[in-house]
Amino acid sequence: MGLIYTYYYDIYLTQVLIIVNMVIFIVILGAEMYYPGIMGLIYGDLAGRAIYLGEPGLLLTHGHTFLTMMFLHGGIMHVFGNIMVLFFIGMPLEDRVGKRLTFIFYIVAGLIATLGQYFFNWLQFALGGAPFEVLTIPNLGASGAVFGIMGTLVYLFPKDRITMIIPPLLLPNVRVDLAVGAFIMIQTGIALFAGTGNIAHAAHFTGLAGGIILAYYAKKAGIVQREKGPVRDYTKLKKLLDDEEKKKIYQNIIEADEIEVKEAWSEHLIEKSECPRCGRQLEDSRCKCGFNVWED
């Protein structure tokens, strides 16, 4: 449903995922204030547990938790850390591979992360001498899926430059491989600061690995291309060329060899342009009327 909504209203899938995660957290938190104990009931039914993987009966009755757990969070720092990284990593990925592939990478990497955490818990119990309770610990959060799209972005576009945030600093033009490394440390630090004793490190690692593997096979199958930068049809900028200055900028774009140079000139051209549909000043590559430079 969320994917259909993004196509119908021409908004980022990443924005919808962020809103959904925030709304679910706020609604459950609000419900807990009025009905103490209801959060435990909700999480008891919708959070994942490793025990479900080892019991066919439980897997049948609780299979839905493999998906629902991705949209539950244990606290404000938990959900904030995930949506912050999702915003700065998910949107650049979506710009490069589109809504559909971003959604697939997000969900499948999240499932891989969950399975990885469950297998690790079973190994702890079977070989590591961990108590049975390790199999019943609730697993929740979008971290595995978020780490998955990190892996996808860094594999496909490691040298691209994106915007990242290290509170309170907003840093533009940071290489993807450096940004992903920083985001991993920040996200883990936030989880530690929130006092979460049971951090799903195995889910993070397998989610990251899963995203890389998915990107590898998507690239191998020709579904996406591993380029030095975004795959753009720069001829779509011609619709903005209404004066000589813009035509010169466009010529610089076409003649540039480096993708970073093409992108910089493209941003400069867009900043100086109005929407050809309604006449408003363009905001990035989009306009409030729904026009998109790269899609229309």
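The sequence shown begins at 13 in our numbering and counts up by one. Think of the CB as a built atom: it goes at the ideal place given N, C-alpha and C, for glycine as much as any other residue. As the structure is a prediction and not an experimental result, all values here were calculated from the model.
When the Cα atoms are used, what is the spatial distance from residue i to residue j?
i	j	result
I113	L168	The residue you asked about is not Ile; residue 113 is Leu in the sequence shown. Computed Cα separation, rounded: 13 Å.
Y228	P48	46 Å
L281	S155	37 Å
P180	A191	16 Å
I40	K258	51 Å
I198	F100	13 Å
T213	K232	Residue identity differs from the one stated: residue 213 is His in this sequence, not Thr. The alpha-carbon atoms of H213 and K232 are separated by roughly 29 Å.
N133	A62	7 Å
D255	Y262	11 Å
G250	I265	In the sequence under discussion, the amino acid at residue 250 is Lys, which differs from the Gly named in the question. Rounded to whole angstroms, K250 to I265 spans 11 Å at the Cα level.
W277	L79	42 Å
R289	G56	51 Å
K274	I88	40 Å
Y130	T148	10 Å
F92	H216	16 Å
T208	L253	Its pLDDT being 46, under 50, T208 is placed unreliably by the model, and the measurement read from it follows with that caveat. C-alpha separation (whole angstroms): 54 Å.
C299	G66	51 Å
Near residue i, what residues of its chain come up, given a Cβ to Cβ distance below 8 Å and the 5 sequence neighbours on each side ignored?
i	result
W306	R244, D245, K248 and S297
If we call anything under 8 Å between Cβ atoms a contact, is residue i one with residue j?
i	j	result
G160	I124	yes
I116	F83	no
K59	T73	Sequence inspection shows Ala at residue 59; the Lys mentioned does not correspond to that position. No.
M34	E44	no
G128	T218	yes
L220	G153	no
Y118	L226	no
A121	G223	yes
M81	N151	yes
Beta-carbon within less than 6 Å of residue i's beta-carbon, same chain only, minus the 5 sequence neighbours each way: which residues are those?
i	result
Y142	Note that residue 142 corresponds to Ala in the displayed sequence, not to Tyr. Closer than 6 Å at Cβ, skipping near neighbours: Q136.
Less than 8 Å between the CB atoms is what I'm expecting for residue i and residue j, so what's the real figure, rounded?
i	j	result
D189	V166	5 Å
E286	R292	6 Å
V236	V109	5 Å
I177	M103	Not really, about 12 Å apart at Cβ, beyond 8 Å.
- [ ] Could you tell me which uninterrupted alpha helix (DSSP H) segments, each at least 4 residues in length, are contained entirely in the region 149-229, listed from first to last along the chain?
- [x] 155-168 and 188-205, all fully within the region 149-229.
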